[in-house]
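The sequence shown lines up with residues 5 to 576 when you count with our numbering.
Single-structure report; data block below.
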Amino acid sequence: MTQLQGIAASSGIAIAKVYRLEAPDLSYSKTDVEQPEQEVKRLHDALEISKQELEKIKEHTKASLGDEHAEIFSAHLLVLSDPELIKPIEDKIKTDNVNAEAALDETANMFIDMFKGMDNEYMRERAADIQDVTKRVMAHLLNVTFPDPALINEEVVIVADDLTPSDTAQLNKQYVKGFTTDIGGRTSHSAIMARSLEIPAVVGTKEVTSQADKDVMIIVDGIDGDVIINPSSDEITKYEQKQQEFEKKKQEWAKLKDEATVTSEGEHVELAANIGTPEDVEGVLNNGGEGVGLYRTEFLYMGKNQLPTEEEQYDAYSSVLKQMGDKPVVVRTLDIGGDKELDYLDLPKEMNPFLGYRAIRLCLERDDIFRVQLRALLRASVHGNLKIMFPMIATLEEFREAKAILEEEKQKLIEEGQDVAESFEIGMMVEIPATAVIARQFAKEVDFFSIGTNDLIQYTMAADRMNEQVSYLYQPYNPAILNLVNNVIEAAHAEGKWAGMCGEMAGDEIAIPILLGLGLDEFSMSATSILPARTQIKDLSKKELASFKDEILSMGTSEEVVQFVKEKTNQS
Ligand code: PEP
Ligand code: MG
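As structure tokens, then:
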């Protein structure tokens with residue numbers, strides 16, 4: 005038995021065997037061949053089996069994520085049958101007398117370089133398709149396993165160095181009982197998606213991939229952040245009990261599903277949910293969410309090979325708004341960059357992607373992309389209670405420019421005779437310390453703030469949210485963070501605006517009493533955190549917590565804050 009400690013990223017207990025999700029070694033040696041026909045046959049066998057796999061993945065993706073996400077696999081299938089690619093590979097085998105691996109690699113690379121250099125977006129997307137497909141065919145030629153999370157058909161726990169958000173989106177909850185990774189933090193996007201899929205996860209173990217072999221039993225404790233490899237039968241029994249207790253607690257929480265969120269003195273605060281897709285709304289409603297406080301629209305742009313059209317976006321936004329009825333829905337405009345990449349935009353690799361070209365910075369420069377999204381949002385605005393917010397605002401000029409573009413698109417739509425809601429709130433995320441410091445100036449121009457602590461903490465503490473080596477600096481209760489948060493809430497209230505929080509801190513049981521005392525109006529969190537939070541808030545007095553405010557804000561360390569809050573709220 006080996007026990008590892010990581011970061012509890014999504015609660016629940018998973019017990020199953022290990023499935024290792026890792027990039028296969030595709031290195032090969034180029035050899036001369038005497039019977040090229042045999043190589044051509046090997047090539048065709050590898051192509052055929054790749055096609056069969058892609059068909060299956062396509063069907064699976066269609067069923068779990070919808071047609072739109074399945075499209076990318078249709079494009080991949082087309083590549084596999086394209087004579088303009090296959091014929092030159094065959095010719096190379098025959099004329100150069102080389103093995104199929106070398107012919108495939110060299111020919112594919114020639115096309116990839118050629119398409120990548122073209123000025124045409126469609127062609128650049130094809131380069132990405134060829135790259136993806138070639139890897140699969142190569143794996144078959146080399147007889148190495150090419151892992152496909154979508155094809156898993158038995159109960160497993162995924163073990164990986166890291167999971168990309170699109171890997172996570174492909175996971176089938178029926179079979180994938182949990183996952184654990186070497187790297188990542190509680191706010192990396194795979195962790196956030198694990199919570200919306202309700203899959204137990206422990207991330208940032210640093211070494212699970214070097215410890216957990218394929219097919220051995222593993223326990224992932226997403227409540228306390230423990231991973232147990234090769235557990236004894238006693239350990240398994242212990243964790244099965246913990247699993248049952250967790251299920252019981254869930255039933256307890258569920259009793260508050262249709263209740264309003266009120267403090268012990270009866271004051272209402274709003275508990276909203278963070279979502280990534282229209283399919284997540286069901287979980288929000290099942291967990292008693294009073295609104296959507298953050299719709300991360302970037303998932304509409306990911307896991308495919310081209311930008312979503314205005315119509316696709318309109319459908320997604322309308323669907324969320326209609327499902328939520330008159331409850332508020334805060335939609336955040338595209339926040340790509342950081343750990344959320346879009347291959348097809350061919351953005352340059354950066355030294356510090358979280359400090360680089362992302363979110364509103366990209367949208368203001370690529371306003372062709374931004375305007376399509378704004379049009380779709382404006383058209384959808386008639387279907388519910390929409391609020392729009394801009395991510396990663398650093399300066400007032402950025403906010404003004406984004407708002408002006410939104411206004412321009414609104415006028416255009418009106419001139420075209422389209423229906424647009426008469427008024428809706430326009431706000432911004434506060435996730436860059438510069439905006440928290442002068443929140444008062446911003447508060448005059450925005451309708452609301454939503455504090456994005458996942459980024460605010462990483463920028464304030466200068467600690468990459470993906471890097472487990474510095475995860476000890478991810479300190480939501482550090483007085484530096486609390487003072488910034490307080491500044492934002494006070495600034496909003498001084499201008500008669502509201503302040504919410506959509507970073508993971510909003511659902512944290514130590515942070516909730518502090519934030520209540522600071523006067524936060526809206527708490528937006530993973531849907532599964534809503535009912536535990538409502539249960540907690542019911543026994544908290546906002547008035548009493550507010551009386552601790554000055555004392556907490558003048559403390560020196562995170563530890564002091566935690567001790568104080570635990571004492572005052574009887575948490576062990
Ligand atoms: C945040 O930074 O707190 C936030 C909610 O945005 P994201 O996690 O998508 O960067
Ligand atoms: Mg952010």
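Idealized CB from N, CA, C, for every residue including glycine.
Based on DSSP bridge pairs, tell me the residues matched to valine 224. Within the sequence shown, numbered from 1, the residue matching residue 224 stands at position 220. Paired residue(s): Ala18, Val231.
Would the C-beta of threonine 457 count as close to the ligand PEP, meaning under 7 angstroms from any of its heavy atoms? Along the sequence shown, one-based indexing puts residue 457 at 453. Within the cutoff, so yes.
Whole-number beta carbon distance between isoleucine 493 and proline 480, since they are thought to touch under 8 angstroms: The residue you call residue 480 lines up with position 476 of the sequence shown. The residue you call residue 493 lines up with position 489 of the sequence shown. About 15 angstroms separates the two Cβ atoms, so there is no contact after all.
Okay, do the stretch 296-315 and the stretch 272-288 touch, 3+ Cβ pairs below 8 angstroms being the bar? yes
How about aspartate 339: is its Cβ closer than 7 angstroms to a heavy atom in the ligand PEP? For this step, residue 339 is matched to residue 335 along the sequence shown. Flag set: Cβ of aspartate 339 near the ligand PEP.
What number of angstroms, rounded off, separates the C-alpha of valine 44 from the C-alpha of alanine 50? The residue labelled residue 44 in the question sits at position 40 within the sequence shown. The residue labelled residue 50 in the question sits at position 46 within the sequence shown. Taking the straight line joining both Cα atoms gives about 10 angstroms.
Report the residue from Asp100, Leu167, Ser323 whose alpha carbon sits nearest the alpha carbon of proline 40. In the sequence shown, counting from the first residue as 1, residue 40 sits at position 36. Here the closest residue by C-alpha is Asp100.
Please check the pair valine 206 and isoleucine 17, which I expect to be a contact at CB under 8 angstroms, by giving their CB distance rounded to whole angstroms. In the sequence shown, the residue the question calls residue 206 occupies position 202. In the sequence shown, the residue the question calls residue 17 occupies position 13. With a Cβ gap of about 10 angstroms, valine 206 and isoleucine 17 do not count as contacting.
Below 8 angstroms between beta carbons: does that hold for alanine 425 and leucine 381? If you number the sequence shown from 1, residue 425 lands on position 421. If you number the sequence shown from 1, residue 381 lands on position 377. Not a contact, by the Cβ cut-off of 8 angstroms.
Could you check if asparagine 356 is buried or exposed, using at least 16 other CB atoms within 10 Å of its CB as the buried criterion? Residue numbering aside, residue 356 sits at position 352 when the sequence shown is read from its first letter. Under this definition asparagine 356 is an exposed residue.
Through-space distance from isoleucine 340 to leucine 346, alpha-carbon basis: Taking the sequence shown and counting its residues from 1, one reaches residue 346 at position 342. Taking the sequence shown and counting its residues from 1, one reaches residue 340 at position 336. Cα to Cα, the separation comes out at about 7 angstroms.
The beta strand (DSSP E) enclosing isoleucine 455, as first and last residue numbers: In the sequence shown, counting from the first residue as 1, residue 455 sits at position 451. For isoleucine 455, the uninterrupted beta strand (DSSP E) run begins and ends at 452-455, by DSSP.
Does the beta-carbon of glycine 511 have 16 or more other beta-carbons within 10 angstroms, so that it is buried, or is it exposed? Taking the first residue of the sequence shown as 1, we reach residue 511 at position 507. When all chains shown are included, glycine 511 counts as buried.
Are the stretch 181-192 and the stretch 463-482 in contact at 8 angstroms, needing three or more beta carbon pairs? Remark: three or more beta-carbon pairs, one from each stretch, lie closer than 8 angstroms, so the stretch 181-192 and the stretch 463-482 are flagged as touching.
Distance, Cα to Cα, lysine 34 vs alanine 27? Within the sequence shown, residue 34 is the residue found at index 30, counting from 1. Within the sequence shown, residue 27 is the residue found at index 23, counting from 1. The alpha-carbon atoms of lysine 34 and alanine 27 are separated by roughly 21 angstroms.
Just checking, does the stretch 170-183 make contact with the stretch 497-516 on the three C-beta pairs under 8 angstroms criterion? no
Assuming phenylalanine 527 is part of the beta strand (DSSP E), what are its boundary residues? Taking the first residue of the sequence shown as 1, we reach residue 527 at position 523. 526-529 is the span of the beta strand (DSSP E), which, as asked, contains phenylalanine 527.
Measure the Cβ-Cβ separation of proline 437 and leucine 520 and say whether it is below 8 angstroms. For the purposes of this step, residue 437 is taken as the residue at position 433 of the sequence shown. For the purposes of this step, residue 520 is taken as the residue at position 516 of the sequence shown. Taking 8 angstroms as the Cβ cut-off, proline 437 and leucine 520 do not qualify as a contacting pair.
Can you give me the C-alpha to C-alpha distance between methionine 5 and glutamate 256, rounded to a whole angstrom? For the purposes of this step, residue 5 is taken as residue 1 along the sequence shown, with counting starting at 1. For the purposes of this step, residue 256 is taken as residue 252 along the sequence shown, with counting starting at 1. Those two C-alpha atoms are separated by around 34 angstroms.
Using the beta-carbon count (16 or more within 10 Å), is glutamine 473 buried or exposed? Locating residue 473 in the sequence shown gives position 469, counting from the first residue. Exposed, since its Cβ has fewer than 16 Cβ neighbours within 10 Å.
Spatial neighbours of threonine 464 within its chain, please: C-beta separation below 7 angstroms, excluding the five flanking residues on both sides. Indexing the sequence shown from 1 puts residue 464 at position 460. Taken in chain order, the residues that qualify are Pro437, Ala484, Ile485, Leu488.
Could you give the distance in angstroms between the alpha-carbon of isoleucine 534 and the alpha-carbon of valine 212? Taking the first residue of the sequence shown as 1, we reach residue 534 at position 530. Taking the first residue of the sequence shown as 1, we reach residue 212 at position 208. Going by the C-alpha atoms only, they are around 30 angstroms apart.
Beta-bridge partners of lysine 344, as assigned by DSSP: The residue you call residue 344 lines up with position 340 of the sequence shown. Bridge partners of lysine 344: Gly341.
Hey, is leucine 359 close to the ligand PEP, as in C-beta under 7 angstroms from one of its heavy atoms? Residue numbering aside, residue 359 sits at position 355 when the sequence shown is read from its first letter. No, the ligand PEP has no heavy atom inside 7 angstroms of this Cβ.
Could one say the Cβ of glutamine 479 lies closer than 8 angstroms to chain B's Cβ atoms, at least one of them? In the displayed structure, chain B is absent; only one protein chain is listed.
Paired residues, beta bridge with histidine 272 - DSSP: Taking the first residue of the sequence shown as position 1, residue 272 is located at position 268. The partner list for histidine 272 (beta bridge, DSSP) reads Val266.
Can you give the beta carbon distance from methionine 432 to phenylalanine 446, rounded, assuming they're within the 8 angstroms contact cut? One-based indexing of the sequence shown puts residue 432 at position 428. One-based indexing of the sequence shown puts residue 446 at position 442. Indeed, because the Cβ distance is near 7 angstroms, the residues count as touching under 8 angstroms.
Going by C-alpha distance, which of Ile134, Asp133, Ile53 is nearest leucine 145? Stepping through the sequence shown from its first residue, residue 145 is reached at position 141. Residue Ile53 is the option with its Cα nearest to leucine 145.
Hey, which unbroken runs of the alpha helix (DSSP H) at 4 residues or more fall wholly within the stretch 408-465? 437-441, 443-447, 457-465
Does the beta carbon of leucine 298 fall short of 7 angstroms from some heavy atom of the ligand PEP? Taking the first residue of the sequence shown as position 1, residue 298 is located at position 294. The answer is yes for leucine 298.
Taking buried to mean at least 16 other C-beta atoms within 10 Å of its own C-beta, is glycine 342 buried or exposed? Counting from 1 along the sequence shown, the entry for residue 342 is found at position 338. So glycine 342 ends up on the buried side.
To the nearest angstrom, report how far apart leucine 31 and alanine 131 are at their CA atoms. As a first step, residue 31 must be located in the sequence shown, where it is residue number 27. As a first step, residue 131 must be located in the sequence shown, where it is residue number 127. In the sequence as presented, leucine is not what sits at residue 31; that position holds serine. Each residue's alpha carbon lies about 20 angstroms from the other.
With distance defined between alpha-carbon atoms, name the residue in Ser15, Trp502, Val141 nearest to isoleucine 93. In the sequence shown, residue 93 corresponds to position 89, counting from 1. The residue with the shortest Cα to Cα distance from isoleucine 93 is Val141.
Enumerate in chain order the residues of its own chain whose CB-to-CB distance from threonine 539 is below 7 angstroms, with the five nearest sequence positions on each side excluded. Taking the first residue of the sequence shown as position 1, residue 539 is located at position 535. In the same chain as threonine 539, and ignoring 5 residues on each side of it, the C-beta atoms closer than 7 angstroms to its own belong to Trp257, Leu260, in chain order.
Which runs of the alpha helix (DSSP H) fall wholly inside the stretch 320-384 and span at least 4 residues, in chain order? Counting whole runs of 4 or more residues, the stretch 320-384 contains the alpha helix (DSSP H) stretches 363-369, 371-384.
Between the C-alpha atoms of phenylalanine 394 and glutamate 526, what's the straight-line distance to the nearest angstrom? Counting from one through the sequence shown, the residue named residue 394 turns up at place 390. Counting from one through the sequence shown, the residue named residue 526 turns up at place 522. Taking the Cα positions, phenylalanine 394 is about 17 angstroms away from glutamate 526.
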